[in-house]
């Protein structure tokens, strides 16, 4: 198994990509600690995985509180004696145009979606440096590589997440610690499901912009995270992997001369 005997912490593990990653990690032999602010969903994911024989603990935690991040990392190392993998996966942000965002909303977006990633890395580096190895995977986004209308705070924080992976990767490369980012496109997670119900035309417009013609599945991103966390990616660090159905590859120009994606 690809993560046999390894210990992993996954933030935002109560749903979507985090939950899918927890399933993938435990299936591949890891002992996993998931943290999430949603106690009901986090507990449900842990119970589901335990029922299949996986080793997993759930901690109710607020990633915006540094003490909570410390508690999660300490729990993992105290319980399992080590920490091999950190998957930063939580996010919260204020939507809206740049000029319409509130100061508190913008600050909280960065605190939760970027500063908390850095602090979790800072905490995880302590046991990883002591053992001379470790893998860190940050969930970024294609929205961290380009701009979106009405998602300015999200664009900024996810761009920071990408560069946080770069600098962590190069600074700790000779210490046996790797750090990378995964950049998903639109994925069929709970926020996208809510968009489908609230604004079905926008949901359809987004789907139509993806060259593959569909939303991604959380399991497809979890497989990328699994690769980056495993020893199969031993020479991969300081970079980002795009998994977006071809969205980022498209210039945004409309089809010319009727030469569109369907033929």
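In the UniProt record's numbering, the protein residues as written are 1 to 263.
C-beta atoms are modelled at their ideal positions from N, C-alpha and C, and glycine is treated no differently.
Reference residue i; option with closest CA among the options
| i | options | result |
| --- | --- | --- |
| residue 120 | 247, 68 and 56 | 68 |
| residue 263 | 240, 221, 212 and 253 | 212 |
| residue 55 | 13, 223, 31 and 252 | 31 |
| residue 100 | 5, 71, 62 and 152 | 152 |
| residue 232 | 163, 135 and 142 | 135 |
| residue 94 | 88, 102 and 87 | 102 |
| residue 162 | 71, 239, 189 and 206 | 239 |
| residue 66 | 173, 118 and 241 | 118 |
| residue 125 | 172, 106, 60 and 200 | 172 |
Residue i: first and last residue of the uninterrupted alpha helix (DSSP H) it sits in
| i | result |
| --- | --- |
| residue 159 | 152-171 |
| residue 142 | Unbroken run through residue 142: none, as it is neither H nor E. |
| residue 178 | Run containing residue 178: none in the alpha helix (DSSP H); it sits in the beta strand (DSSP E), 177-184. |
| residue 128 | 116-131 |
| residue 264 | The question about residue 264 has no answer here: the residues shown for the chain are numbered 1 through 263. |
| residue 16 | 16-27 |
8 angstroms Cβ cutoff met for residue i and residue j
| i | j | result |
| --- | --- | --- |
| residue 187 | residue 218 | yes |
| residue 144 | residue 183 | yes |
| residue 39 | residue 3 | no |
| residue 14 | residue 53 | no |
| residue 140 | residue 122 | no |
| residue 234 | residue 20 | no |
| residue 225 | residue 137 | yes |
| residue 73 | residue 133 | no |
| residue 84 | residue 7 | yes |
| residue 10 | residue 87 | yes |
| residue 16 | residue 189 | yes |
| residue 18 | residue 34 | yes |
| residue 82 | residue 131 | yes |
| residue 216 | residue 243 | yes |
Environment of residue i [buried if 16+ CB atoms lie within 10 Å]
| i | result |
| --- | --- |
| residue 170 | exposed |
| residue 185 | buried |
| residue 175 | exposed |
| residue 228 | buried |
| residue 26 | buried |
| residue 147 | exposed |
| residue 109 | buried |
| residue 115 | buried |
| residue 80 | buried |
| residue 256 | exposed |
| residue 127 | buried |
| residue 167 | exposed |
| residue 90 | buried |
| residue 160 | buried |
| residue 149 | exposed |
| residue 260 | exposed |
| residue 47 | exposed |
Collapsed DSSP secondary structure at residue i in the structure displayed
| i | result |
| --- | --- |
| residue 207 | helix |
| residue 223 | helix |
| residue 58 | strand |
| residue 34 | strand |
| residue 195 | helix |
| residue 3 | coil |
| residue 91 | coil |
| residue 81 | coil |
| residue 247 | coil |
| residue 101 | coil |
| residue 11 | strand |
| residue 53 | coil |
| residue 147 | coil |
| residue 252 | coil |
Segment limits, beta strand (DSSP E) that includes residue i
| i | result |
| --- | --- |
| residue 259 | Per DSSP, residue 259 belongs to no beta strand (DSSP E) and is neither H nor E. |
| residue 236 | Neither: residue 236 is in no beta strand (DSSP E) and is coded neither H nor E. |
Neighbour flag for residue i against chain D, beta carbons, 8 angstroms
| i | result |
| --- | --- |
| residue 68 | In the structure shown, chain D cannot be found, because there is only a single protein chain. |
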